[in-house]
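Here the structure is laid out as structure tokens; the discussion comes afterwards.
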Amino acid sequence: METNKLPKSEDENKHLINSGQLLECIVRQASNSILLLTQDLKIVFANDAALKLTGHTIEEVTNSYCYFITYNLETPCQAPDHVCPITQCQKTGQPATAEHIHTTPDGKQFFTEVKVEQIVSPGGDIYYLHITRDISRQKENERMILQQNVELQKINMEKDKLFSIIAHDLRSPFQGFLNIAELIANEFTSMTAEEINIFTKNLVDSSRNVFNLLENLLEWSLMQRKMMEFKQEKIFLKTIVNEGLEFSKASALVKDIKMKNEIADDVQIYADTHMLKSVIRNLLSNAVKFTTRGGAITIAENGGIISIHDTGIGMSPEMIDNLFCIDVKTNRKGTENEPSSGLGLLLCQEFIEKNNGKLWVESKKGLGSTFYFTVQKIN
Numbered sequence: 001m002e003t004n005k006l007p008k009s010e011d012e013n014k015h016l017i018n019s020g021q022l023l024e025c026i027v028r029q030a031s032n033s034i035l036l037l038t039q040d041l042k043i044v045f046a047n048d049a050a051l052k053l054t055g056h057t058i059e060e061v062t063n064s065y066c067y068f069i070t071y072n073l074e075t076p077c078q079a080p081d082h083v084c085p086i087t088q089c090q091k092t093g094q095p096a097t098a099e100h101i102h103t104t105p106d107g108k109q110f111f112t113e114v115k116v117e118q119i120v121s122p123g124g125d126i127y128y129l130h131i132t133r134d135i136s137r138q139k140e141n142e143r144m145i146l147q148q149n150v151e152l153q154k155i156n157m158e159k160d161k162l163f164s165i166i167a168h169d170l171r172s173p174f175q176g177f178l179n180i181a182e183l184i185a186n187e188f189t190s191m192t193a194e195e196i197n198i199f200t201k202n203l204v205d206s207s208r209n210v211f212n213l214l215e216n217l218l219e220w221s222l223m224q225r226k227m228m229e230f231k232q233e234k235i236f237l238k239t240i241v242n243e244g245l246e247f248s249k250a251s252a253l254v255k256d257i258k259m260k261n262e263i264a265d266d267v268q269i270y271a272d273t274h275m276l277k278s279v280i281r282n283l284l285s286n287a288v289k290f291t292t293r294g295g296a297i298t299i300a301e302n303g304g305i306i307s308i309h310d311t312g313i314g315m316s317p318e319m320i321d322n323l324f325c326i327d328v329k330t331n332r333k334g335t336e337n338e339p340s341s342g343l344g345l346l347l348c349q350e351f352i353e354k355n356n357g358k359l360w361v362e363s364k365k366g367l368g369s370t371f372y373f374t375v376q377k378i379n
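Oh and the sequence shown: position 216 is 216 in the UniProt record's numbering, straight run, nothing missing.
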């Protein structure tokens, strides 16, 4: 194409405009898709951008209908799936705009913005100017911004949860620990052997609670920052569960709670060992915490679904709904006032989902709870 031609004279420009050649060039070379439609939605003109956008040839487009060219439909667009701006323009006589998802002949779909205006010819005939632009990139950017906003909200909730745990849940057991330690230090010489035994056991319990909470805080922090190592491998499930039972043994003995592992010796699963240990430890700790003295806890497996059932105090439907919500604090202590931050269950959920599993609970107030989670079982 020659770009260094001398400018035309004023008369030549007027003639070019009056002849319509310049306007036709403008319309044909416009970057947006332009169609001219009759009142019955038949296409009488399509520019180059329209052919490129729809994937049709000029022969396919001319005298065809806009709904076939843009949607591969045999009948006109109908609300609510396809709001037709042409219908709106016909009703009001005013320009109308709508966002659509158009379909090419090969089935590819993309977002578009369609603007329609009514045009009256010199002879009084009514046509509709149908201008379309591809807004797929804009829609993708909107989706990404929305996703980022959701992630930012989640980060803010996680931050608030962390501050709440540090300010209250972590402070309280430390305060109890210090109070007991100061009492022993100040009154040790006047204490009986039985009193010393009771206070030292309380120290052990406080230390265990602080350790568990710190362990969960550390693991949760690593997960949020995507710094936790993840390595799935073959695991004998019963061995991992036995380790978890051993960890909770002391707490269960204090409350005379019987724990039973009903998992078969040969059951193997595919999961991250560290994460699975943390899940078992937290769910067992939770079961002991909310089971009354003389109760029982049973761990079983069936078809890759692991269950931890307790005969504890159970939960209301409202509590179950909020159990895995990071921004909701249940403020419920154990049957013997054991502290509970709710962080352990959030951690369990993240670890299970990381291993492509699912965690849920069935419970009735006063009738105990059963936590279930799925893992990949090796046959």
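Just so you know, even glycine gets a beta-carbon here, dropped at the ideal spot from N, CA and C.
Reduced DSSP secondary structure (H/G/I, E/B, other) of residue i
i       : result
Leu-41  : coil
Val-328 : coil
Phe-373 : strand
Gly-366 : coil
Val-361 : strand
Met-315 : coil
Ile-320 : helix
Glu-140 : helix
Glu-2   : Any reading at Glu-2 needs caution, since the residue's pLDDT is 47, under 50, leaving its predicted position unreliable; the model's value is listed next. Glu-2: coil per DSSP, three-state reduction.
Lys-333 : coil
Asn-379 : coil
Glu-353 : helix
Ala-181 : helix
Gln-268 : strand
Glu-233 : strand
Ser-340 : coil
When the options are compared against residue i, the one with the closest alpha-carbon
i           : options                            : result
Ser-369     : Thr-311, His-56, Lys-354           : Thr-311
Glu-219     : Met-275, Lys-249, Gln-268, Met-191 : Met-275
Gln-109     : Ile-86, Ile-119, Asp-134, Thr-92   : Asp-134
Lys-258     : Ala-287, Lys-277, Ala-264          : Ala-287
Thr-104     : Lys-364, Ala-50, Glu-229           : Ala-50
Lys-333     : His-309, Phe-290, Glu-318          : Phe-290
Ser-251     : Leu-37, Ile-235, Asn-282           : Asn-282
Thr-374     : Lys-365, Gly-357, Val-361, Met-319 : Gly-357
Asn-202     : Ala-193, Ala-271, Ile-180, Ile-352 : Ile-180
Val-361     : Gln-21, Leu-222, Ser-307, Val-328  : Ser-307
residue 391 : Asp-48, Phe-211, Leu-284           : Because the chain in this structure spans residues 1 to 379, residue 391 falls outside the shown range and cannot be described.
Asn-337     : Val-150, Gln-147, Thr-292          : Thr-292
Leu-343     : Leu-162, Asp-40, Gly-123, Met-228  : Leu-162
Thr-273     : Gly-123, Gly-244, Ser-248, Cys-25  : Gly-244
Element boundaries [beta strand (DSSP E), containing residue i]
i       : result
Glu-229 : That residue, Glu-229, is in no beta strand (DSSP E); it is neither H nor E in DSSP.
Thr-132 : 126–134
Gln-94  : That residue, Gln-94, is in no beta strand (DSSP E); it is neither H nor E in DSSP.
Ile-119 : 109–120
Val-288 : Val-288 -> not in any beta strand (DSSP E); alpha helix (DSSP H) instead, spanning 273–289.
Asn-261 : 258–261
Asp-310 : 305–310
Run of the alpha helix (DSSP H) containing residue i, from where it starts to where it stops
i       : result
Ile-69  : 66–71
Arg-28  : 21–29
Glu-59  : 58–61
Glu-219 : 193–224
Thr-298 : Unbroken run through Thr-298 is the beta strand (DSSP E), 296–302; no alpha helix (DSSP H).
Ser-251 : 237–254
Ala-264 : Counting along the chain, Ala-264 falls outside any alpha helix (DSSP H), and DSSP gives it neither H nor E.
Thr-54  : 48–54
Rounded Cβ spacing between residue i and residue j (contact assumed at less than 8 angstroms)
i       : j       : result
Ile-305 : Tyr-372 : 6 angstroms
Thr-112 : His-130 : Not quite, the Cβ-Cβ distance comes to about 11 angstroms (not below 8 angstroms), so this is no contact.
Gly-314 : Leu-367 : 5 angstroms
Asp-256 : Gly-294 : 5 angstroms
Glu-262 : Ala-296 : Rounded, the Cβ-Cβ distance is 12 angstroms, inconsistent with contact.
Ile-184 : Phe-174 : At roughly 16 angstroms, the Cβ-Cβ gap does not stay under 8 angstroms, so Ile-184 and Phe-174 are not in contact.
Ile-126 : Gln-39  : 6 angstroms
Asn-47  : Val-61  : With 8 angstroms as the limit, Asn-47 and Val-61 do not qualify as a contact, their Cβ atoms being about 10 angstroms apart.
Ser-33  : Thr-132 : 4 angstroms
Sub-8 angstroms separation of residue i and residue j beta-carbons
i       : j       : result
Asn-216 : Pro-339 : no
Cys-89  : Gln-118 : yes
Ile-378 : Ile-240 : no
Val-114 : Tyr-128 : no
Gln-153 : Asn-355 : no
Leu-35  : Cys-66  : yes
Ser-207 : Phe-230 : no
Thr-70  : Thr-54  : yes
Leu-237 : Val-267 : yes
Met-223 : Glu-350 : yes
Phe-324 : Leu-347 : no
Asn-63  : Lys-91  : no
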